[in-house]
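Q: Submitted below is the structure of interest, expressed as structure tokens.
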Amino acid sequence: MTNVLTLAQAAKVDTGDTAWMLSATALVLFMTIGLGLFYAGLVRGKNALNTFMMCIAALAVATVTWALVGYSLAFDGTGDLVGGFGHLALQDVTFEPREGTTIPHLVFMAFQATFCIITVALISGAVVERMRFGAFLVFAGLWSVLVYAVLAHWAFGGGWLIEGGTLDFAGGVPVEMGSGFSALAAALVVGARKDYGRLALLPHNAVYVLLGAGVLWFGWFGFNGGSGFSTGDAGVLAFTNTLLCPACTLVVWFALDLIRGRRVTAVGAATAIIVGCVGITPAGGYVSPGWAMALGAFVALPAYAVIVWRPRTRVDETLDVLAAHGIAGFTGILFIGFFAQESWNGVSDGLVYGNAAQLGDQALAALSAPIYAFVVTFLLLKAMMLVAPVRATEREEALGLDVIYHGEEAYPTGEGAILVTPEAGREEERLVANPM
Amino acid sequence: MKLVIGIVRPERANDVLEALYRADVRGLSLSRVQGHGGELDRVETYRGTTVKVGLSDKVRFEIAVSDPFVEPTIQALCDGGRTGEVGDGKIFVVPLERVVRIRTGETDDLAVTPVGV
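Chains as they are written, first to last, in this note's numbering: chain A, 30 to 465; chain B, 1204 to 1320.
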């Protein structure tokens, strides 16, 4: 009787839930712009536009591939490894509620699309300042289907991880570990920037970096808070944990900065915000606010260690996607296995609350997702290199990719710029560069 | 005494600095300039506005040296600045009439010789 009642209720769209999910979708979309700002500030001025444009490219390419193929592979059916083709080109994605939710299927699809977009954009951090823009467009399209859609199916869409009991609230598997370990593979295949390890390659605008991190945190309330697909307890818990966890990461990061360099750095603070948000992403709806704060403090340690260690290697994983997303996501996924609390999440306990099996389920995800993401990304880029070069020439790298690929500069002075009129006979209309 | 003015690509500036350091040339000034040589203009488009940008970013070194250091300085600028492509820059060597070190009042060769060399 109860079952029948639940089913009947589940088949109905809830207006409150839908209103929140519409907003949450827009919040997550804004994260990709925040990420563009964050990344653009971290690179040199001559590559700022190209770096931002990689995130804009994800908005374009990943949305199209998601609507055509990705969503179906991720969320159609309950195949172990990959979904079906039932929702190709958004077939049967309508106003009817998505199974198991109280929101229209269309909203569910759009919400998940924004996750795919930002994950694709995240990987660009590993290859900025030297990857060819065209090659990145191709990579973005293929990666969004071959890696993101598959991992999203495993963790969210009815694949072997979610069916096996792995808990991943908002994307520790597909988004964070998926992007982090793919970034490592991409950095290895594409290779280091030509001056890496020889010259100081510094962020050109730390204010952009802080502003971008702030926009990301803001959007993350939709990312985590929306991953309950309702205004119910889980979403509320995740929303609040998204405030608490990164704040604790910031505090610990300040302390680590003070110990290491006697100064609290701004770029470090921006990084800490990301690391804290990533840490709570998988755990948001599963751990108590207290444990979310503990997670925030703890996740700073491995991420900080990798960020300090990585630049001493030959691996030019330029914007530390592995540390901030891969390592922090890995930590968050495992944290659930220890500190999940059924009294808070209504689903499962972790090891500390007497359910050791949950830790096993989490460990399975923490091992399988990085391996899949790394291997497939590595092979994908190697295969692309057989067809065409994926990186800019040394001369192009020296000149800066903004001018080379976009024919624009982030900070043009206008000095020495002579107006050109491509269309003959329209010269009168274009006598001055700026009619103002 | 000569004033050696070297105009090089910004991305080679660090290589020039390194080459100068190896040649024991210590005192120098550096500024960012824009200029036009034999390089092709680059075309940029901002919405409907297309422009041809004839000025390229360059870095200008100014190095005052005593006569024995003139050749090593020129050599260092060439070694550090050369890529072989059009746009590598120029070196101008001009005679210097007087040099004064403000701190001590030393003049000429004494003033262009860094302390400790």
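C-beta atoms are modelled at their ideal positions from N, C-alpha and C, and glycine is treated no differently.
1. For A:Asp-46, which residues from the same chain have a beta carbon less than 6 Å from its beta carbon, with the 5 sequence-adjacent residues on both sides left out?
2. How would you write the range of the alpha helix (DSSP H) that A:Val-449 sits in, first residue to last?
3. Between which two residues does the alpha helix (DSSP H) holding A:Val-405 run?
4. In this structure, does DSSP put A:Trp-249 in helix, strand or coil?
5. With 9 Å as the C-beta to C-beta threshold (strictly closer), list the residues of the stretch 1242-1258 of chain B near chain A in chain order.
6. Please compile the residues from chain B whose C-beta is within a distance smaller than 8 Å of the C-beta of A:Gly-163.
7. Just the C-alpha distance for B:Val-1315 and B:Ile-1294, rounded to the nearest angstrom, thanks.
8. For A:Leu-110, count neighbouring C-beta atoms within 10 Å of its own C-beta (all shown protein chains included) and say buried if the count is 16 or more, exposed if not.
9. Is it the case that the stretch 223-240 of chain A contacts the stretch 103-122 of chain A, given that we only count it when at least three CB pairs across the two stretches are under 8 Å?
10. Looking at B:Gly-1308: is its Cβ nearer than 9 Å to the Cβ of B:Arg-1215?
11. At what residues does the alpha helix (DSSP H) containing A:Ile-362 begin and finish?
12. Just curious, the beta strand (DSSP E) that B:Val-1298 is in, first and last residue?
13. Answer yes or no: does any C-beta atom of chain A fall closer than 9 Å to that of B:Arg-1212?
14. Taking the alpha-carbon of A:Thr-294 as reference, which of A:Ala-421, A:Gly-187, A:Glu-425 and A:Pro-232 has the nearest alpha-carbon?
15. Nearest by alpha-carbon distance to A:Ile-447: which of B:Asn-1217, B:Arg-1229 and B:Gly-1257 is it?
16. Take A:Ala-394 and list the residues in its own chain whose beta-carbon comes closer than 6 Å to its own, dropping the five residues that flank it on each side.
17. Which residues of the stretch 218-246 of chain A have a Cβ closer than 7 Å to any Cβ of chain B? Give them in chain order.
18. What is the C-beta distance between B:Ser-1259 and B:Glu-1242, in whole angstroms, given that I count them as a contact (C-beta under 8 Å)?
19. Using a C-beta cutoff of 9 Å, does A:Ile-447 count as contacting chain B?
20. List the residues of chain B that A:Gly-436 touches, going by C-beta distances under 7 Å, in chain order.
21. Counting C-beta neighbours from all protein chains within 10 Å, is the total for A:Thr-347 16 or more, i.e. buried, or is it exposed?
22. Return the chain-ordered list of same chain residues with a C-beta closer than 6 Å to the C-beta of A:Ala-301, the five sequence neighbours on each side being excluded.
23. Looking at the C-beta of A:Ala-427, does it have a partner C-beta in chain B at a distance below 9 Å?
24. Indicate the three-state DSSP secondary structure (helix, strand or coil) for B:Pro-1213 in the structure shown.
25. Shorter than 9 Å from the beta carbon of B:Glu-1265 to some beta carbon of chain A?
26. Looking only at its own chain, which residues have a Cβ that is under 6 Å from the Cβ of A:Ala-425, when we skip the five neighbours before and after it?
27. Are the stretch 146-162 of chain A and the stretch 76-87 of chain A in contact at 8 Å, needing three or more beta carbon pairs?
28. Under 9 Å between C-beta atoms, does A:Val-432 make it to chain B?
29. If you draw a straight line from the C-alpha of B:Asp-1227 to the C-alpha of B:Gly-1238, how long is it?
30. Can you tell me which of the three DSSP states A:Pro-133 falls into?
31. If we ignore side chains and look at the alpha-carbon of each, how far apart do A:Ala-323 and A:Asp-431 end up?
32. Out of A:Gly-220, A:Leu-217 and A:Ala-276, state which residue places its alpha-carbon closest to the alpha-carbon of A:Gly-243.
33. Could you check what DSSP says for B:Gly-1241 in three-state terms: helix, strand or coil?
34. Assuming A:Ala-235 and A:Gly-70 make a contact with CB atoms under 8 Å, what is their CB distance in whole Å?
35. Are the stretch 332-343 of chain A and the stretch 371-388 of chain A touching, with three or more C-beta to C-beta distances below 8 Å?
36. Along the stretch 132-150 of chain A, where does the CB come closer than 7 Å to a CB of chain B? Name the residues.
A: This is what the structure holds:
1. In the first sequence, counting from the first residue as 1, residue 46 of chain A sits at position 17. Cβ within range, chain order: Thr-131, Ile-132, Ser-259 and Thr-260.
2. As a position in the first sequence, residue 449 of chain A is number 420, starting the count at 1. A:Val-449 -> not in any alpha helix (DSSP H); beta strand (DSSP E) instead, spanning 446-449.
3. On the first sequence, residue 405 of chain A is found 376 positions in, with the first residue counted as 1. A:Val-405 -> alpha helix (DSSP H) spans 385-416.
4. In the first sequence, residue 249 of chain A corresponds to position 220, counting from 1. Three-state result, A:Trp-249: helix.
5. Asp-1244, Arg-1245, Val-1246, Glu-1247, Thr-1248, Tyr-1249, Gly-1251, Thr-1252, Thr-1253, Val-1254, Lys-1255, Val-1256, Gly-1257 and Leu-1258
6. Within the first sequence, residue 163 of chain A is the residue found at index 134, counting from 1. In chain order: nothing, as chain B lies at least about 18 Å away.
7. Here residue 1315 of chain B corresponds to residue number 112 of the second sequence, with the count starting at 1. Here residue 1294 of chain B corresponds to residue number 91 of the second sequence, with the count starting at 1. Each residue's Cα considered, the two are about 19 Å apart.
8. As a working note, residue 110 of chain A is residue 81 in the first sequence. A:Leu-110 comes out exposed.
9. no
10. Translated into the one-based positions of the second sequence, residue 1308 of chain B becomes position 105. Translated into the one-based positions of the second sequence, residue 1215 of chain B becomes position 12. No, the pair does not count as a contact, with Cβ atoms beyond the cut-off.
11. Residue numbering aside, residue 362 of chain A sits at position 333 when the first sequence is read from its first letter. Where A:Ile-362 is concerned, the enclosing alpha helix (DSSP H) stretches over 357-368.
12. Here residue 1298 of chain B refers to the residue found at position 95 of the second sequence. Looking at the sequence itself, residue 1298 of chain B is Pro, so the reference to Val does not match. Residues 1293-1298.
13. As a working mapping, residue 1212 of chain B is identified with position 9 in the second sequence. Yes, contact with chain A.
14. As a first step, residue 294 of chain A must be located in the first sequence, where it is residue number 265. Ranking A:Ala-421, A:Gly-187, A:Glu-425 and A:Pro-232 by Cα distance to A:Thr-294 puts A:Pro-232 first.
15. Against the first sequence, residue 447 of chain A aligns to sequence position 418. Minimum Cα distance to A:Ile-447 is reached at B:Gly-1257.
16. Taking the first residue of the first sequence as 1, we reach residue 394 of chain A at position 365. Excluding positions up to five away in sequence, the list reads Leu-190, Thr-195, Val-202 and Ile-362.
17. Leu-228
18. Within the second sequence, residue 1259 of chain B is the residue found at index 56, counting from 1. Within the second sequence, residue 1242 of chain B is the residue found at index 39, counting from 1. Their Cβ separation, rounded to whole angstroms, is 6 Å, which keeps B:Ser-1259 and B:Glu-1242 in contact under 8 Å.
19. Here residue 447 of chain A refers to the residue found at position 418 of the first sequence. Yes, A:Ile-447 counts as interfacial toward chain B.
20. The count along the first sequence starts at 1 and reaches residue 436 of chain A at position 407. Val-1246, Glu-1247 and Thr-1248, listed in chain order.
21. One-based indexing of the first sequence puts residue 347 of chain A at position 318. The residue in question, A:Thr-347, is buried, as its Cβ has 16 or more Cβ neighbours within 10 Å.
22. Position 272 of the first sequence, counted from the start, is the residue given in the question as residue 301 of chain A. Closer than 6 Å at the Cβ level, and outside the excluded window around A:Ala-301, lie Thr-278, Leu-279 and Trp-282.
23. As a working note, residue 427 of chain A is residue 398 in the first sequence. Closer than 9 Å to some Cβ of chain B, the Cβ of A:Ala-427 qualifies, so yes.
24. Here the question's residue 1213 of chain B lines up with position 10 in the second sequence. In the structure shown, B:Pro-1213 sits in a helix (DSSP, three-state: H, G or I).
25. Working through the second sequence from its first residue, we reach residue 1265 of chain B at position 62. Not an interface residue.
26. Here residue 425 of chain A refers to the residue found at position 396 of the first sequence. As written in the sequence, residue 425 of chain A is Glu, which differs from the Ala given in the question. Taken in chain order, the residues that qualify are Ile-433.
27. yes
28. To locate residue 432 of chain A, count along the first sequence from 1; it is residue 403. At least one chain B Cβ lies under 9 Å of A:Val-432.
29. To locate residue 1227 of chain B, count along the second sequence from 1; it is residue 24. To locate residue 1238 of chain B, count along the second sequence from 1; it is residue 35. When rounded, the distance between both Cα atoms is 29 Å.
30. By 1-based counting over the first sequence, the position of residue 133 of chain A is 104. In the structure shown, A:Pro-133 sits in a strand (DSSP, three-state: E or B).
31. Mapped onto the first sequence, residue 323 of chain A falls at position 294. Mapped onto the first sequence, residue 431 of chain A falls at position 402. The straight-line gap from Cα to Cα measures roughly 42 Å.
32. Counting from one through the first sequence, the residue named residue 243 of chain A turns up at place 214. With distances taken between Cα atoms, A:Gly-243 lies closest to A:Ala-276.
33. For the purposes of this step, residue 1241 of chain B is taken as residue 38 along the second sequence, with counting starting at 1. Coil, per DSSP.
34. Walking along the first sequence from the start, residue 235 of chain A turns up at place 206. Walking along the first sequence from the start, residue 70 of chain A turns up at place 41. Confirmed, about 6 Å.
35. no
36. none
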